[in-house]
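What follows is the structure in structure tokens.
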């Protein structure tokens, strides 16, 4: 019987398996940020251990960092301490560190792929659930907790139960004005927020193959929002073209050899998945969320489901979510006033997202009452925005580009949405308080965000 | 890690589904560089109002309910991988979380911190909520050795699954790093073969 892509990579990385227990899995790449690592470094110190393979870990502060005045010291003393702690830990344990202001600083899940540190066939972990992003290049990438971070530091491996496999096929062609974020939010809405828990997902089908590399990163990024352990896409010419020439990617003879190996990374025709799901690309329209988990999403022309359609055990949670959002069951959200727009994050902070947003707002003006935070995913994206003239177009339209970081996605820095305010956000989570205590998040793609920024309301970008 | 064998306790009911880790411990409390103190901010934004006054409607502020078992609705611990959520649950004093479904990363994080996630059927879960609503002194008994959970009001018992390795770790109070490092030669052998 053939193997799935996931099985090919996983099986190759098995060091040993505990009888009736988990697998000890070798880890090729470990990314490390300031929030989920300090206790792991301290754990090593307590045990008097060093990194087993320090050269395989890259540390980048991104969660806490300010998105203005990055050349100055971080104002918040607690944030500053956490960032400084990462820098000191990186120095003490001899690992690579791309600190604030470094040309390779940025959101760790944006920097990994764009520098060529993320490659097909790798096992990749980080103490961050959106590590699933890297699966877009054909890697087995997943988020872990801090105890597991410590395991990787000490043993370049972790103990993991092998997840089940799921194939999600999206056939057909996306309609104009519909992008990877809409595809992802649509899939999550269909699957529900816990619907893929226990599974590792491979995305396939014509519409997935047609996505750009950056679109694929967006899609895989959101896998965790339906509970999946990770998401991945078989590498193809799109992947190879994206990687070639990047700083840490193999070059010369090593490139040719790598390419031969990467071309073997696909699910065999007779491979069997534990679960298979199919969607039609034509059914997807620009998506928005109306509730407090990413599974509570709908097409922008649709209405919030009526209470009667919700499973009785879930009605308390449904009602609680709508109360929090200030929405009513059954209502349409088009035309609702919004207060903030956030473009950025590991979900939509890449150059294509900034191009899409900029193209939409070109020649128009930001609604004066809207506060817009446009935060590039990395220093490289920031620079590219400048080089391509996007920064200038955005400024003419009344926008200001901030400096890179996780920013308002989880509001660990000063970029917090005030209580009760509505934010159309291209990030990944609409949980209560995610973007600040009491903040109300409507998740969407860059085009819906752009339309909201121009009109000050929830607006279908296809009609605006 | 603290050992776990059996536990009989009253419970704290939280009949809400999809409780994500941002609710368990909001991001603004993740700035600490140690594992201590997270229990104080467990469910912070449900537990306290904007002026940091205890929200009397929230179960943790209700003197009727206490105990070291948290019982929550389906899909507990979804979202962020932050282990701070497990530290907050453990730090508050819970040793067991019961739900009909857990998010994967939270489950691993809990086990790595001596907190036992127990998956029960939806009907068993609803019976617990009903029993606790009728009498806040209702208790559950969790036996890790036998892998059973018992509702001491109705007498109904269910068995739960946990992988044998993790069960043994909890029973003995071992953690994974000891095990991984005992395989150093195998790690080296893997590297020799694959690089």
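Chains as they are written, first to last, in the working numbering: chain C, 148 to 611; chain D, 128 to 322.
Yeah, the Cβ is synthetic: ideal placement off N, Cα and C, and Gly gets one too.
In this text the structure is predicted, and so the values were computed from the model without any measurement.
CB-CB under 6 Å to residue i, same chain, minus the five flanking residues each way: which ones, in chain order?
| i | result |
| --- | --- |
| residue 285 (chain D) | 247, 251 and 276 |
| residue 327 (chain C) | 358, 362, 365 and 366 |
| residue 133 (chain D) | 270 |
| residue 156 (chain D) | 168 |
| residue 329 (chain C) | 431, 433, 434 and 592 |
| residue 457 (chain C) | 465 |
| residue 283 (chain C) | 363, 364, 367 and 380 |
| residue 429 (chain C) | 319 |
| residue 236 (chain D) | 210 and 213 |
What number of angstroms, rounded off, separates the C-alpha of residue i from the C-alpha of residue j?
| i | j | result |
| --- | --- | --- |
| residue 158 (chain D) | residue 171 (chain C) | 30 Å |
| residue 514 (chain C) | residue 594 (chain C) | 15 Å |
| residue 452 (chain C) | residue 607 (chain C) | 19 Å |
| residue 583 (chain C) | residue 272 (chain C) | 27 Å |
| residue 398 (chain C) | residue 391 (chain C) | 8 Å |
| residue 304 (chain C) | residue 303 (chain D) | 11 Å |
| residue 389 (chain C) | residue 268 (chain D) | 55 Å |
| residue 207 (chain D) | residue 377 (chain C) | 13 Å |
| residue 241 (chain C) | residue 189 (chain C) | 15 Å |
| residue 338 (chain C) | residue 174 (chain C) | 29 Å |
| residue 552 (chain C) | residue 151 (chain D) | 24 Å |
| residue 263 (chain C) | residue 394 (chain C) | 6 Å |
| residue 519 (chain C) | residue 436 (chain C) | 19 Å |
| residue 234 (chain C) | residue 257 (chain C) | 20 Å |
| residue 651 (chain C) | residue 346 (chain C) | Given a span of 148 to 611 for chain C in the structure shown, any question on residue 651 (chain C) remains unanswerable. |
| residue 409 (chain C) | residue 564 (chain C) | 43 Å |
| residue 139 (chain D) | residue 257 (chain D) | 12 Å |
| residue 254 (chain C) | residue 199 (chain C) | 25 Å |
| residue 279 (chain C) | residue 261 (chain D) | 43 Å |
| residue 562 (chain C) | residue 286 (chain C) | 32 Å |
| residue 426 (chain C) | residue 560 (chain C) | 38 Å |
| residue 536 (chain C) | residue 207 (chain C) | 27 Å |
| residue 524 (chain C) | residue 554 (chain C) | 10 Å |
Roughly how far, in whole angstroms, is the beta-carbon of residue i from the beta-carbon of residue j, given that I think they are within contact range, below 8 Å?
| i | j | result |
| --- | --- | --- |
| residue 431 (chain C) | residue 325 (chain C) | 5 Å |
| residue 203 (chain C) | residue 177 (chain C) | 6 Å |
| residue 221 (chain D) | residue 201 (chain D) | Wrong, their Cβ atoms sit about 18 Å apart, outside the cutoff. |
| residue 489 (chain C) | residue 573 (chain C) | 6 Å |
| residue 336 (chain C) | residue 442 (chain C) | 6 Å |
| residue 491 (chain C) | residue 556 (chain C) | 7 Å |
| residue 143 (chain D) | residue 463 (chain C) | 7 Å |
| residue 277 (chain C) | residue 259 (chain C) | About 11 Å separates the two Cβ atoms, so there is no contact after all. |
| residue 242 (chain D) | residue 217 (chain D) | 5 Å |
| residue 229 (chain C) | residue 252 (chain C) | Actually they do not touch by this definition, with Cβ atoms about 15 Å apart. |
| residue 147 (chain D) | residue 440 (chain C) | 7 Å |
| residue 590 (chain C) | residue 332 (chain C) | 6 Å |
Looking only at DSSP bridge pairs, what is residue i linked to?
| i | result |
| --- | --- |
| residue 176 (chain C) | C:271 |
| residue 278 (chain D) | D:267 |
| residue 613 (chain C) | Outside the shown range of chain C, which is 148 to 611, sits residue 613 (chain C), and nothing can be said about it. |
| residue 141 (chain D) | D:199 |
| residue 133 (chain D) | D:270 |
| residue 569 (chain C) | C:587 |
| residue 379 (chain C) | C:349 |
In chain order, what residues of the same chain have a beta carbon less than 8 Å from the beta carbon of residue i, not counting five sequence neighbours either side?
| i | result |
| --- | --- |
| residue 508 (chain C) | 540, 541, 544, 546, 597, 600 and 601 |
| residue 187 (chain C) | 274, 293, 294, 296, 297 and 300 |
| residue 164 (chain C) | 170 and 171 |
| residue 158 (chain C) | 150 |
| residue 349 (chain C) | 151, 152, 153, 312, 313, 314, 315, 378, 379, 380, 381, 414 and 420 |
| residue 263 (chain D) | 137, 191 and 192 |
| residue 348 (chain D) | For chain D, the structure presents residues 128 to 322; residue 348 (chain D) sits outside this window and is missing. |
| residue 404 (chain C) | 397 |
| residue 281 (chain D) | 254 and 258 |
| residue 416 (chain C) | 149 |
Cutting at 7 Å between CB atoms, please list the residues of its own chain near residue i, excluding the five before and the five after it.
| i | result |
| --- | --- |
| residue 181 (chain D) | 174, 175 and 188 |
| residue 196 (chain C) | 301 |
| residue 183 (chain C) | 274, 275, 293 and 296 |
| residue 603 (chain C) | 484, 485, 514, 516 and 517 |
| residue 218 (chain C) | 248 |
Exercise. Of all the beta strand (DSSP E) runs that stay within the bounds of the region 308-362 of chain C, which reach a length of 3 or more residues?
Worked result: The region 308-362 of chain C contains, as complete beta strand (DSSP E) runs of 3+ residues, the segments 311-318 and 346-351 (chain order).
Problem set entry | Minimum length 4: unbroken alpha helix (DSSP H) runs contained in the region 501-552 of chain C | If only complete runs of 4 or more residues are kept, the region 501-552 of chain C shows the alpha helix (DSSP H) at 526-534 and 537-543, in order along the chain.
For this session: Please go through the region 258-304 of chain C and give each complete alpha helix (DSSP H) segment of 4 or more residues, from N-terminal end onward.
Result: Within the region 258-304 of chain C, the alpha helix (DSSP H) runs of at least 4 residues that lie entirely inside it are, in chain order, 293-302.
Exercise. In chain order, which beta strand (DSSP E) runs of at least 3 residues are fully inside the region 176-247 of chain C?
Worked result: Within the region 176-247 of chain C, the complete beta strand (DSSP E) runs of at least 3 residues are 176-179 and 204-206.
Problem set entry | Chain-ordered residues of the region 132-153 of chain D with a beta carbon less than 8 Å from chain A | Among the protein chains in the structure shown, which are C and D, there is no chain A.
For this session: Please go through the region 154-209 of chain D and give each complete beta strand (DSSP E) segment of 3 or more residues, from N-terminal end onward.
Result: Runs of the beta strand (DSSP E) inside the region 154-209 of chain D: 196-199.
For this session: List in chain order: all unbroken alpha helix (DSSP H) runs of 4+ residues lying wholly within the region 223-266 of chain D.
Result: Within the region 223-266 of chain D, the complete alpha helix (DSSP H) runs of at least 4 residues are 231-238 and 249-261.
For this session: Please specify which runs of the alpha helix (DSSP H), each continuous and at least 4 residues long, are wholly inside the region 425-508 of chain C, giving them in chain order.
Result: DSSP runs (the alpha helix (DSSP H)) wholly in the region 425-508 of chain C: 462-472, 492-495 and 498-508.
For this session: Kindly provide the ranges of any alpha helix (DSSP H) runs that are 4 or more residues long and lie completely inside the region 388-412 of chain C, ordered along the chain.
Result: Within the region 388-412 of chain C, the complete alpha helix (DSSP H) runs of at least 4 residues are 400-409.
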